[in-house]
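Numbering (full-length UniProt numbering), first residue to last: 65 to 450. Here a beta-carbon is modelled for each residue, glycine too, at the ideal position from N, C-alpha and C. Everything numeric in this text was worked out from a predicted model, so none of it was measured.
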Ligand code: PMP
């Protein structure tokens, strides 16, 4: 990663000269470092050893539409959805991807009519995940093109709507907004896990995307999965991944299987985590704690406003709970027009609302960073006054 990449954490490189308390806090991206402590405490429960002779073939399971899908990983995906109750897996084909990012592209490829004169329009309701426009258009595909904000989409003909629920960046539960007959829906449920939002019912869509990046926090493993109802769509998605990367790392799938298994075990078997609580209870408590401190800091500051959420019954915890999203969709109040720039002045790096199809008064801030960065963020935010 080059030093100009947005993925470089500027804390370590560019800020050595700054006094403690003045360093740059980079909360621009959603790196899920908050979960590292849990996995450290789990010790060898999620360690795998892969001998040199193992996983050499391109192929995993020739009986599956997705022939590079490791059966052990597929089993753990089904088990976890059953344990959590966040998605119907019956009657679905599983397609594994190098992150859900690759699966999103595979879905666009699979849903685009091959013989159309014009590329199919791809839309999503604002504020939408900032990567969607660029991911859709960077290869200037003749099959599909970004057509912007779903709310104002009024073109005739087929379209693909990306539905992110709970939404990145604002955390709200989302449904499709276009609602016309020729639409294909892709449900991106990266954050539909109990630590972020009440699990109201199992998702039962035609094409749903999940990822370990935000569920267990293993973004570096680069594993996502799609639950696909239509066999032909699953076949085309598999074809896309074959053309793109000839499959998905088996090492990563085996590691993901081990991690998902450990998560399910913590939900079902006492004593399978160090503190005896499930991974989701552990991560829920952290998110709840962080949001409590965030709301208090915003109140002390008097400079910003936050989204509000309604509590709902979570069938996983069997309690009425408030959402605690992975990102804060923060609005600068008063005469601050450019919130990203304003916070940059306080050495807090965030992502501007402009990138999510909304104005510069909003920014997105990660809630998943390390304790150290989060505490600094809260301290600094509290001290900003109008
Ligand atoms: N969809 C959404 C809504 C996301 O927030 C992210 C990660 N930021 C992704 C997809 C991509 O996740 P990954 O490729 O790591 O699975």
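Looking at residue j and residue i, is the spacing between their C-beta atoms short of 8 Å?
i	j	result
residue 339	residue 348	no
residue 90	residue 358	no
residue 144	residue 337	no
residue 262	residue 391	no
residue 225	residue 242	yes
residue 124	residue 133	yes
residue 254	residue 165	no
residue 429	residue 267	no
residue 140	residue 325	yes
residue 160	residue 355	no
residue 368	residue 258	no
residue 272	residue 291	yes
residue 216	residue 419	no
residue 208	residue 186	yes
residue 260	residue 150	no
What is the DSSP secondary structure of residue i, reduced to helix, strand or coil?
i	result
residue 329	helix
residue 184	strand
residue 426	strand
residue 11	No information on residue 11 is available, as it lies outside the stretch 65 to 450 that the chain covers here.
residue 349	helix
residue 239	coil
residue 383	strand
residue 228	strand
residue 162	strand
residue 219	coil
residue 432	coil
residue 415	strand
residue 248	strand
residue 403	helix
residue 275	strand
residue 192	coil
residue 136	helix
residue 79	Because residue 79 carries a pLDDT of 41, less than 50, the predicted location of this residue cannot be relied on, and the following value inherits that uncertainty. In the structure shown, residue 79 sits in coil (DSSP, three-state: anything other than H, G, I, E or B).
residue 167	helix
residue 362	helix
residue 299	helix
residue 305	helix
residue 316	helix
residue 208	strand
residue 269	coil
residue 100	helix
residue 355	helix
residue 292	strand
residue 174	helix
residue 114	coil
residue 451	Only positions 65 to 450 of the chain appear in this structure, which leaves residue 451 out of reach.
Please report the straight-line C-alpha distance between residue i and residue j, rounded to a whole angstrom.
i	j	result
residue 395	residue 427	7 Å
residue 385	residue 264	11 Å
residue 228	residue 235	9 Å
residue 102	residue 439	18 Å
residue 211	residue 167	20 Å
residue 97	residue 432	6 Å
residue 331	residue 93	29 Å
residue 205	residue 183	8 Å
residue 158	residue 239	23 Å
residue 146	residue 387	21 Å
residue 154	residue 298	15 Å
residue 399	residue 296	53 Å
residue 118	residue 109	21 Å
residue 14	residue 287	There is simply no residue 14 to check, as the chain begins at 65 and stops at 450 in what is shown.
residue 111	residue 294	35 Å
residue 270	residue 314	26 Å
residue 434	residue 107	19 Å
residue 406	residue 424	10 Å
residue 104	residue 178	47 Å
residue 343	residue 322	14 Å
residue 472	residue 383	Beyond the ends of the chain as shown, which are 65 and 450, falls residue 472; an answer cannot be given.
residue 402	residue 410	13 Å
residue 116	residue 363	56 Å
residue 156	residue 135	15 Å
Ignore the nearest five residues each way along the sequence and tell me which others in residue i's own chain have a CB closer than 6 Å to its CB.
i	result
residue 190	213, 421, 422
residue 170	301, 304, 305
residue 437	89
residue 404	414, 416, 427
residue 231	238
Can you find the residues in the same chain that come closer than 7 Å, C-beta to C-beta, to residue i, ignoring five residues on each side of it along the sequence?
i	result
residue 365	445, 446, 448, 449
residue 443	none
residue 334	340
residue 352	388
Suppose the cutoff is 8 Å on Cβ atoms and the five residues either side in sequence are ignored; what does the same chain contact list for residue i look like?
i	result
residue 246	221, 222, 223
Checklist entry - Do the segment 187-198 and the segment 314-323 touch if we need at least three Cβ pairs shorter than 8 Å? => result no
Checklist entry - With a cut-off of 8 Å, do at least 3 Cβ pairs link the segment 242-261 to the segment 112-132? => result no
Checklist entry - Does the segment 298-315 touch the segment 216-227, meaning 3 or more C-beta pairs lie closer than 8 Å? => result no
Next on the checklist: Does the structure place the segment 280-289 close enough to the segment 360-376 that three or more beta carbon pairs sit under 8 Å?
Outcome noted: no
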